[in-house]
Amino acid sequence: MSSLSPLHTGIKLFVSIVSDTHIDCKHPVPALPKFRLRAAAKDAEKAVPAMDAFITVGDTTSRGSEKNWQMVSQALKNRHPAEKMIFTVGNHDLWNDGGFDPALQNFLRYSEAITGAKREKPYFTEIINGYHFVFLGGDSDAGCEAQISDEQMNWFSDEMRKAGESGKPIFVFCHQSLNGRHGLPRTWDREERPDRAPDEGGIGARSDEVAAVLKKYKNVFYFSGHSHMGLGGENLFKKEGYSSFENEDGVWLINLPSLACGNHHGEERAMGIGVILEVYDDRVVIRPRNTTTNRWVKNVAINNGKPYLESIIE
Numbered sequence: 001m002s003s004l005s006p007l008h009t010g011i012k013l014f015v016s017i018v019s020d021t022h023i024d025c026k027h028p029v030p031a032l033p034k035f036r037l038r039a040a041a042k043d044a045e046k047a048v049p050a051m052d053a054f055i056t057v058g059d060t061t062s063r064g065s066e067k068n069w070q071m072v073s074q075a076l077k078n079r080h081p082a083e084k085m086i087f088t089v090g091n092h093d094l095w096n097d098g099g100f101d102p103a104l105q106n107f108l109r110y111s112e113a114i115t116g117a118k119r120e121k122p123y124f125t126e127i128i129n130g131y132h133f134v135f136l137g138g139d140s141d142a143g144c145e146a147q148i149s150d151e152q153m154n155w156f157s158d159e160m161r162k163a164g165e166s167g168k169p170i171f172v173f174c175h176q177s178l179n180g181r182h183g184l185p186r187t188w189d190r191e192e193r194p195d196r197a198p199d200e201g202g203i204g205a206r207s208d209e210v211a212a213v214l215k216k217y218k219n220v221f222y223f224s225g226h227s228h229m230g231l232g233g234e235n236l237f238k239k240e241g242y243s244s245f246e247n248e249d250g251v252w253l254i255n256l257p258s259l260a261c262g263n264h265h266g267e268e269r270a271m272g273i274g275v276i277l278e279v280y281d282d283r284v285v286i287r288p289r290n291t292t293t294n295r296w297v298k299n300v301a302i303n304n305g306k307p308y309l310e311s312i313i314e
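So that you can map any letter, position 271 of the sequence shown is 271 in my numbering, and since no number is skipped, the others follow by simple counting.
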């Protein structure tokens with residue numbers, strides 16, 4: 001076990017982030033994803049100082065049913081991982097035998113029941129310690145993609161403008177990555193197929209628009225999951241041309257492995273891996289951590305030969 005404490009002194013923001021827990025009452029071993037999520041919450045509880053937020057980047061459930069959300073609630077019962085708990089909506093959270101609308105209502109209702117925060121829509125902003133956290137999510141049925149409406153795009157542009165005016169780093173969360181990043185579409189499944197469409201596995205039709213908004217501002221960090229790609233760093237980038245941490249025109253794109261499903265591609269494919277976000281006056285640090293074993297992941301060189309990203313604030 002390695003202590004969950006900041007890399008430097010003077011921390012302003014401390015956040016635990018995981019993705020793709022896929023809580024599922026029909027899982028071959030339903031207790032396994034529940035165990036992974038509960039373990040991640042317990043790991044965050046041990047942080048000194050206390051975590052400001054505990055965030056899932058979508059697909060908290062494998063199907064957004066009442067039973068699955070009840071299992072999420074059970075997994076987090078009596079757990080207090082952070083001052084705030086936040087769920088990003090994923091495509092699996094919006095799938096339900098009853099259709100999109102009941103699944104969305106389950107997401108909104110259980111998000112409030114579990115975290116205490118009322119959400120009106122699957123996209124929203126949280127301001128934590130003065131830092132803007134902007135969450136995107138599909139607002140109509142689009143299969144695996146994030147169907148982002150005109151209304152949501154306009155809202156996103158406006159929220160990013162407000163966040164940019166703060167002069168502080170901006171943190172954006174969307175279950176799906178931008179199209180073609182992190183090795184997509186190659187890395188969309190265990191089996192690589194040359195006939196995959198260029199946008200397969202990504203956010204979908206509005207990827208270029210979302211990217212254009214992100215690139216208007218400095219110190220932007222975009223977190224995604226969805227592909228279940230294992231953790232990859234500089235060595236993978238040199239060999240294959242992609243990684244879990246990619247910088248594009250000053251925007252950092254961070255793709256998380258699945259916490260509780262098997263991962264593929266990447267250098268480290270273990271389950272239980274999330275990242276810890278640390279924000280200081282002059283830099284942002286993002287460190288991969290195995291939240292099941294309570295240890296930092298040190299076998300993958302993320303940036304400048306270090307097992308973590310350290311980005312100086314411009």
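All C-beta atoms, glycine included, are put in the ideal place defined by N, C-alpha and C.
Simplified DSSP assignment, three categories, for residue i
{"i": "Ala75", "result": "helix"}
{"i": "Ile313", "result": "coil"}
{"i": "Thr291", "result": "coil"}
{"i": "Glu66", "result": "helix"}
{"i": "Glu267", "result": "coil"}
{"i": "Lys215", "result": "coil"}
{"i": "Ala39", "result": "helix"}
{"i": "Ala44", "result": "helix"}
{"i": "Lys84", "result": "strand"}
{"i": "Leu4", "result": "coil"}
{"i": "Ala53", "result": "strand"}
{"i": "Lys306", "result": "strand"}
{"i": "Ser32", "result": "It is worth fixing the name first, because residue 32 is Leu in this sequence and not Ser. In the structure shown, Leu32 sits in a helix (DSSP, three-state: H, G or I)."}
{"i": "Thr61", "result": "strand"}
{"i": "Gly274", "result": "strand"}
{"i": "Asn255", "result": "strand"}
{"i": "Ile11", "result": "coil"}
{"i": "Ser16", "result": "strand"}
{"i": "Val300", "result": "coil"}
{"i": "Val285", "result": "strand"}
{"i": "Val172", "result": "strand"}
{"i": "Val89", "result": "coil"}
Nearest-angstrom Cβ-Cβ length linking residue i and residue j, presumed shorter than 8 Å
{"i": "Cys261", "j": "His22", "result": "5 Å"}
{"i": "Ala39", "j": "Pro81", "result": "Not really, about 11 Å apart at Cβ, beyond 8 Å."}
{"i": "Gly90", "j": "Gly58", "result": "3 Å"}
{"i": "Met271", "j": "Arg36", "result": "6 Å"}
{"i": "Val285", "j": "Leu7", "result": "5 Å"}
{"i": "Met183", "j": "His265", "result": "Contrary to the premise, residue 183 reads as Gly rather than Met in this sequence. So it is a contact: roughly 6 Å between Cβ atoms."}
{"i": "Leu178", "j": "Ser140", "result": "Rounded, the Cβ-Cβ distance is 20 Å, inconsistent with contact."}
{"i": "Val48", "j": "Ser5", "result": "5 Å"}
{"i": "Ile312", "j": "Arg289", "result": "Actually they are not in contact, since the Cβ atoms of Ile312 and Arg289 sit about 22 Å apart, beyond 8 Å."}
Cβ-Cβ distance between residue i and residue j below 9 Å
{"i": "Glu248", "j": "Lys215", "result": "yes"}
{"i": "Gly230", "j": "Arg269", "result": "yes"}
{"i": "Asp43", "j": "Ser65", "result": "no"}
{"i": "Gly137", "j": "Thr88", "result": "yes"}
{"i": "His226", "j": "Ser19", "result": "yes"}
{"i": "Arg181", "j": "Leu256", "result": "no"}
{"i": "Thr125", "j": "Lys162", "result": "yes"}
{"i": "Ile170", "j": "Tyr131", "result": "yes"}
{"i": "Ala101", "j": "Arg63", "result": "Here residue 101 is Asp; the residue named in the question, Ala, does not match the sequence. No."}
{"i": "Thr293", "j": "Leu259", "result": "no"}
{"i": "Lys118", "j": "Ala75", "result": "no"}
{"i": "Cys174", "j": "Phe135", "result": "yes"}
{"i": "Lys12", "j": "Asn129", "result": "yes"}
{"i": "Val210", "j": "Phe156", "result": "yes"}
{"i": "Met71", "j": "Pro28", "result": "no"}
{"i": "Tyr280", "j": "Val251", "result": "no"}
Residue i beta carbon near the ligand GTP (any heavy atom closer than 8 Å)
{"i": "Ser73", "result": "Inclusion of the ligand GTP in the displayed structure is not the case, the ligand content being empty and no account of it being possible."}
request  = Enumerate, from N- to C-terminal direction, the unbroken beta strand (DSSP E) stretches of 3 or more residues contained entirely within the segment 91-165.
outcome  = Listed in chain order, the complete beta strand (DSSP E) runs (minimum 3 residues) inside the segment 91-165 are 124-128, 131-135.
key: Touching by the beta-carbon criterion (3+ pairs, under 8 Å), the segment 142-150 and the segment 107-118   = The segment 142-150 vs the segment 107-118: no contact.
inquiry  = Tell me whether the segment 188-206 and the segment 272-280 touch, counting them as touching only if at least three CB pairs, one residue from each stretch, are closer than 8 Å.
reply    = Too few Cβ pairs lie closer than 8 Å, so no.
ask   = At what residue ranges does the segment 179-249 contain a whole run of the alpha helix (DSSP H), taking only runs of 4 or more?
value = Annotation: the segment 179-249 contains the following complete segments of the alpha helix (DSSP H) (minimum length 4 residues), in chain order: 207-214, 234-240.
ask   = Contact between the segment 223-242 and the segment 287-303: three or more CB pairs below 8 Å?
value = Yes, they touch.
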